[in-house]
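Participant: Residue numbers (this note's numbering), protein chains in the order written: chain A, 1 to 251; chain B, 1 to 213.
For every residue, glycine included, the Cβ atom is placed at its ideal position computed from N, Cα and C.
Please see the structure below; I have some questions.
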Amino acid sequence: MKKVFDTQNLSLFYGKNQALKNINLSIFEKSVTALIGPSGCGKSTFLRTLNRMNDLIPDVSIQGGVWFGDISIYDQKTDVIDIRKRIGMVFQKPNPFPMSIYDNVAYGPRCQRNYSKKEMDALVKEALVKSALYEEVKDRLQRSALELSGGQQQRLCIARALAMNPEVLLMDEPTSALDPIATAKIEELIVELKKNYTIVIVTHSMQQAARISDQTAFFLLGDLIEVEETKTFFATPKDPRSESYITGRFG
Amino acid sequence: MTTLIETEIREIEKNLKEMIDLVLSMHRDAKKALETNDTKLAIQIIKRDEQVNNLDELINESVLSFLATQAPVARDLRSAIAMIRVANDVERIGDYAKTISEFIILTKPLYDPFKLYINDMFDDFMKMFQMATSLFFKPVLEESYTIAAQDQFIDAKLKKAFHEIPKVVNTTNVMSLLDTFNIIRTLERAGDHTKNICEAVIFKLKGKKIDLG
């Protein structure tokens with residue numbers, strides 16, 4: 001399988017506090033990689049290094065490298081806007097813009113260039129179909145996105161990310177604010193999306209990681225303890241710390 | 001702190017231990033009943049088999065519920081699956097004590113020349129069964145191979161007894177001899193199932209199905 005990301009001795013500091021310690025992790029094309037670990041272990045920080053979202057936090061410094069194909073993410077010449085376009089992100093809480101469903105999806109592409117109405121209609125429809133939301137909203141595209149349920153809003157956020165035609169989707173606990181039915185829909189969607197996209201997901205749910213990911217990486221206190229094929233990781237983890245964490249005997 | 005998962009596993013283990021103790025007592029008594037042609041004891045053994053079957057069902061249901069509600073992973077998942085496997089083998093081993101008891105009731109007496117083989121095979125099997133089942137609750141990888149290897153002694157006795165058949169068979173004793181040999185075969189099968197318990201120990205530790213032959 002082709003590597004999409006490769007981190008090399010990646011360390012990240014918030015001021016003097018080291019949040020990531022020499023992380024070497026490869027993420028493969030058209031697969032789901034789950035990042036797990038207790039709160040504060042560095043998994044979300046790691047996720048955000050992949051599309052330079054940590055740049056927005058003051059006092060952050062980075063050592064080592066993150067390669068996105070043959071692009072060095074942290075090279076000064078790298079176009080951050082282009083990187084974020086190619087590497088979309090979905091957050092913990094659905095955050096639709098206070099505008100119509102249609103405009104939420106169209107917002108990103110409109111910022112890129114001018115589209116005809118016909119082109120934009122097709123683009124919006126395609127993104128909503130891919131995010132498994134179209135059938136539920138096709139008759140009310142001009143209604144406010146804030147009228148949607150939590151699960152629908154999260155799928156709208158996924159549609160919004162897909163509308164930019166990314167290669168990768170980064171998801172930071174995308175179902176933690178959702179009920180089990182909405183969660184199941186998002187999980188089904190993730191499994192469907194991996195046919196065309198590379199997905200990296202942070203999750204606190206061991207079962208979710210086990211259900212939907214191909215590779216699992218376990219972080220602890222800024223260290224990458226173990227990375228393994230998911231079915232092997234959850235059946236026979238190699239490191240005793242991984243075993244203790246996933247069986248709930250940690251600490 | 002004991003987790004909910006640990007509490008549930010211990011509860012299932014408790015039932016499995018009870019089932020193992022019951023089956024071991026059935027075989028101890030079967031050996032005794034066979035030696036003394038004790039049909040009353042044989043009937044008691046047959047009754048105990050029902051308890052064994054109930055425990056097997058309880059363990060299966062408990063593991064299913066455990067998997068559904070606790071979604072265990074790693075060693076907890078391996079333990080749960082291994083317990084279903086062991087319960088299945090122990091249930092079969094219990095059936096063999098029942099088979100022997102039915103023989104005591106229906107077919108006695110035992111064909112004399114094979115009595116010694118049966119005694120020895122009972123002892124070998126029960127020793128192996130005790131060691132394998134104890135190991136299951138305190139697993140050590142190397143010991144599972146050592147204990148499984150003891151099955152070869154039981155197999156060797158079956159072979160030796162088999163080769164003696166032509167020397168002792170005649171037209172008057174053939175049915176008694178066949179029934180007696182059936183007990184020998186039953187004990188050999190009990191040894192095989194005990195070897196499966198050793199395989200379950202390896203699965204519990206490594207998550208791999210190893211065929212110990």
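Note down, in chain order, all residues in the segment 204-231 of chain A with a beta-carbon under 8 Å from any beta-carbon belonging to chain B.
Facilitator: Of all residues in the segment 204-231 of chain A, M206, Q207 and A210 have a Cβ within less than 8 Å of some Cβ in chain B.
Participant: Could you work out which residue in A/P174, A/K21, A/Q153 and A/G69 is closest to A/I101 when comparing CA atoms only?
Facilitator: Nearest C-alpha to A/I101: A/Q153.
Participant: Measure from the C-beta of A/F234 to each C-beta in chain B and report whether the shortest distance is under 8 Å.
Facilitator: So yes, A/F234 belongs to the interface.
Participant: Do we get a CB-CB distance below 8 Å when we pair A/I181 with the residues of chain B?
Facilitator: False, the Cβ-Cβ gap to chain B never drops below 8 Å.
Participant: Give me whichever residues DSSP pairs with A/K3 in a beta bridge.
Facilitator: For A/K3, which the question treats as bridged, DSSP gives the partners A/F28.
Participant: Let's test the definition: count the other Cβ atoms within 10 Å of the Cβ of A/L35 and tell me whether it reaches 16, buried, or not, exposed.
Facilitator: The residue is buried, with at least 16 neighbouring Cβ atoms inside 10 Å.
Participant: Run through DSSP, which three-state label would A/F97 get?
Facilitator: Reduced to three states, the DSSP call for A/F97 is coil.
Participant: For A/P237, does the count of other Cβ atoms within 10 angstroms reach 16, so buried, or fall short, so exposed?
Facilitator: So A/P237 counts as buried.
Participant: Please check if any C-beta of chain B sits within less than 8 Å of the C-beta of A/E243.
Facilitator: Closer than 8 Å to some Cβ of chain B, the Cβ of A/E243 qualifies, so yes.
Participant: Could you give the first and the last residue of the continuous alpha helix (DSSP H) run that contains A/D172?
Facilitator: Here A/D172 belongs to no alpha helix (DSSP H); instead the beta strand (DSSP E) covers V168 to D172.
Participant: Between which two residues does the alpha helix (DSSP H) holding A/A177 run?
Facilitator: First-last for A/A177: undefined, no H or E at that position.
Participant: At a CB distance below 7 Å, what residues from the segment 3-36 of chain B approach chain A? Give them in sequence order.
Facilitator: Cβ contacts with chain A: T3 and I5.
Participant: What is the rounded straight-line gap between the Cα of B/A82 and the Cα of B/L205?
Facilitator: Whole-angstrom Cα-Cα distance: 10 Å.
Participant: Beta carbon of A/I27, beta carbon of A/L10: below 8 Å?
Facilitator: Their beta carbons are not under 8 Å apart, which means A/I27 does not touch A/L10 by this criterion.
Participant: So is B/Y16 buried or exposed if we call it buried at 16+ other beta carbons inside 10 Å?
Facilitator: In the sequence under discussion, the amino acid at residue 16 of chain B is Leu, which differs from the Tyr named in the question. That one is buried.
Participant: Closer than 8 Å, Cβ to Cβ, to anything on chain A: give me those residues from the segment 46-78 of chain B, in chain order.
Facilitator: The residues in question are A71, P72, V73, A74, R75, D76, L77 and R78.
Participant: Consider the Cβ of A/I81: report whether some Cβ of chain C lies at a distance smaller than 8 Å.
Facilitator: Although the question refers to chain C, the structure presented lacks it and instead comprises the protein chains A and B.
Participant: In the DSSP assignment, what residue or residues form a beta bridge with A/V227?
Facilitator: According to DSSP, A/V227 bridges with A/A217.
Participant: Going by C-alpha to C-alpha distance, which of B/A97, B/V169 and B/E199 sits closest to B/L34?
Facilitator: The shortest C-alpha separation from B/L34 is found at B/A97.
Participant: Rounded to whole angstroms, what's the CA-CA distance from A/L252 to B/T69? Just pull it up for me.
Facilitator: Within the shown structure, residues of chain A are numbered from 1 to 251, placing residue 252 of chain A beyond reach of any answer.
Participant: Among residues of its own chain, excluding the 5 on either side of B/F66, which ones have a beta-carbon nearer than 6 Å to its beta-carbon?
Facilitator: Answer for B/F66: E8 and A80, listed in chain order.
Participant: Chain A beta carbons: is any one of them nearer than 8 Å to that of B/K167?
Facilitator: It does not; no Cβ of chain A falls within 8 Å.
Participant: Under 8 Å between the Cβ atoms of A/P109 and A/M99?
Facilitator: No, the pair does not count as a contact, with Cβ atoms beyond the cut-off.
Participant: Quick one: is A/G248 near chain B, going by C-beta distance under 8 Å?
Facilitator: Yes, its Cβ sits closer than 8 Å to a Cβ of chain B.
Participant: For A/P237, return the contacting residues in chain B, with the cut-off set at a CB-CB distance below 7 Å.
Facilitator: Residues of chain B passing the Cβ test: A74.
Participant: I'd like to confirm the pairing. Which residues does DSSP put opposite A/N51 in its beta bridges?
Facilitator: For A/N51, which the question treats as bridged, DSSP gives no partner whatsoever.
Participant: According to DSSP, is A/T198 part of a helix, a strand, or is it coil?
Facilitator: In this structure, A/T198 counts as strand in the three-state DSSP scheme.
Participant: Does the beta-carbon distance from B/V63 to B/I12 come in below 8 Å?
Facilitator: Yes, the pair counts as a contact, with Cβ atoms nearer than the cut-off.
Participant: What residue from B/L4, B/R28 and B/R10 has the CA that sits closest to B/K214's CA?
Facilitator: A query on residue 214 of chain B cannot be resolved here, the shown segment of chain B reaching from 1 to 213 and no further.
Participant: How long is the line joining the alpha carbons of B/I210 and A/G248, rounded to whole angstroms?
Facilitator: Each residue's Cα considered, the two are about 28 Å apart.
Participant: Counting contacts by CB-CB distance shorter than 8 Å, is B/K206 in contact with chain A?
Facilitator: It does; some Cβ of chain A falls within 8 Å.
Participant: Hey, how far is the Cα of B/A71 from the Cα of B/L77?
Facilitator: Each residue's Cα considered, the two are about 8 Å apart.
Participant: Can you look up A/M89 in the DSSP assignment and give me helix, strand or coil?
Facilitator: It is a strand residue.
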